[in-house]
Amino acid sequence: MKKTFATIGLALLVAGCNATTPETAMTPKAQYEAALARTQEWVDKAASVDGEWRDIRWKKSKKKYLPKAIEAAKAGDYEKALKLLSIAEFQARMGYEQAMAEKDAGPHLYGL
Amino acid sequence: MKKIVTLLLSAGLVASASTAVSGPKEDLEKFRAYFEQKFPGIPLDEFGNGVYAIDANKRLQWEAMEEFPPYDDYVDKGREIWEKPFKNGKRFADCFGDDPSKVRPKYPHWDSENQRVVTLELAINECLEKNGEKPFKWKTGPIAWLSGYLGYEARGQKINVVVPEDDPKALEAYEAGRHFYYAKRGQLNLACADCHVKYAGHFIRGQLLGPALGQTTHFPVFRAKWAKKSKTGDGMGTLHRRYGGCNKQVRARPFPAQSEQYRNLEYFHQYMSNGLAINAPGYRE
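Laid out in structure tokens, this is it:
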């Protein structure tokens, strides 16, 4: 009886996890593709308000998180690609939010 | 009752708008007053010398450097470029007029026909293209040498950037440039104004931050840092090269030289140095 409960419990736990976190069930490639689309959307948004940061994709940056993520994915290293994309996405989102927060910047903020 | 509320609201809006928004002339007055208060006793024209106006030790080093200025050779090269005819027989003088000393003070200016800010470097390359020549690279080399020569010839004349009052687009360009100067950007969350207005006169690592007032009078500049990076020791660079460098340092993606963003920024930035003498090219660390 104890064993049956334990088995049912484990099955429910596994089913529950699958239901609440669908991304973990995705293949690394699918996770990468979703993350890439999300990141590119944020990068475009940041660029549209002149808020893009240096290290996301600028050709002279040593970091170039986005192009390097794409390179890593091409080489099949999705773990590395996802790690780089998470930085690029964060920076793009912050760049956009910064530009929005600075929309009314002007001399008045400096006591002028 | 509705009318009264509307009237009160409108009055409130007008009042708040008038306190928040100021025009170029008011901006300039407040800007100058701020620096004159921050650095009392420094004559207005001295601000064109940047950090050398506010730090005695650095000034001594700079004065020693100015005895044999490293930009001299590049001013000569600029003169040669000015005088050399194009393949079609015309010269730069056909675009800018015969007197090279009268060129620099005309830039930047508002081009009402094309609704844009025209900088000296933009005009140089447009002149080349108009005459069937290949334009120069935007930030270094011949464009900086020629611009340096034209600055040298104009030394002592006052900067006099005009924002035409009858053209709202000109004011928009000025305001876009002003916004750029005061908006924080990049991963370090710093505005141009953080370093050159709020913390002017303070150190950032080993570098003394120069005041924004007079910041454009000595451009293009010869920078020792740029000379060190160059294979030929050429340290000359344009104002837009410096803008790109500053943006890169705060970890924002720089805009291309002569982009609309940087031309508008230059429009505002040079306006803030109105009344100061041109002393280009300058020497900087």
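Note that the protein sequences, when read in sequence, are chains A and B.
Residues 1 to 112 in this note's numbering are what the first sequence spells out, letter by letter.
Residues 1001 to 1285 in this note's numbering are what the second sequence spells out, letter by letter.
Yeah, the Cβ is synthetic: ideal placement off N, Cα and C, and Gly gets one too.
Within the region 95 to 111 of chain A, those residues whose Cβ lies closer than 9 Å to any Cβ of chain B are, in chain order, G95, Q98, A99, A101, E102, K103, D104, A105, G106, P107, H108, L109, Y110, G111.
The region 1101 to 1110 of chain B makes contact with the region 1266 to 1276 of chain B, as at least three CB pairs between them are under 8 Å.
Rounded to whole angstroms, the Cβ separation of A92/A and A46/A is 5 Å, and the two are in contact under 8 Å. Of the other Cβ atoms in all chains shown, fewer than 16 fall within 10 Å of the Cβ of K29/A; this residue is therefore exposed. When C-beta distances to chain A are compared with 9 Å, the residues of the region 1185 to 1207 of chain B below that value are R1185, G1186, Q1187, N1189, A1191, A1193, D1194, V1197, K1198, in chain order.
The beta carbons of P1211/B and H1196/B sit closer together than 8 Å. Taking the C-beta atoms as reference points, E1266/B is found nearer than 8 Å to G1177/B.
Here Q1157/B carries a coil assignment [DSSP, helix/strand/coil]. Residues of chain B whose Cβ lies closer than 9 Å to the Cβ of W58/A are, in chain order, K1248, R1253, P1254. Legend: CB atoms of the region 35 to 50 of chain A lying less than 7 Å from CB atoms of chain B belong to residues D50. Pairing E1063/B with W1226/B, the inter-Cα distance amounts to about 20 Å. Beta-bridge annotation (DSSP): Y1149/B is not paired with any residue. Put simply, the CB of R54/A is near chain B, with a gap under 8 Å to one of its CB atoms.
Within the region 65 to 99 of chain A, those residues whose Cβ lies closer than 9 Å to any Cβ of chain B are, in chain order, Q91, M94, G95, Q98, A99.
In the DSSP annotation of this structure, the continuous segment of the alpha helix (DSSP H) that includes W1062/B starts and ends at 1056 to 1067.
The alpha-carbon of R38/A is positioned some 17 Å away from that of K64/A. DSSP, reduced to helix, strand and coil, places W58/A outside both helices and strands of the structure shown, so it counts as coil.
Listed along chain A, the residues sitting closer than 7 Å to D1027/B by beta-carbon distance are P107. Among the residues facing chain A, K1102/B is not included, as its CB has no counterpart in that chain under 8 Å away. Put simply, the CB of F1268/B is far from chain A, with every gap to its CB atoms at 8 Å or more.
Of the candidates E1133/B, E1113/B, G1050/B, the residue whose Cα lies closest to the Cα of P1085/B is E1133/B. If you check the CB distance, F1047/B and L1208/B do not come in under 8 Å. Around C1095/B, the same chain offers C1127 as residues with beta carbons nearer than 6 Å, after the five sequence neighbours per side are excluded.
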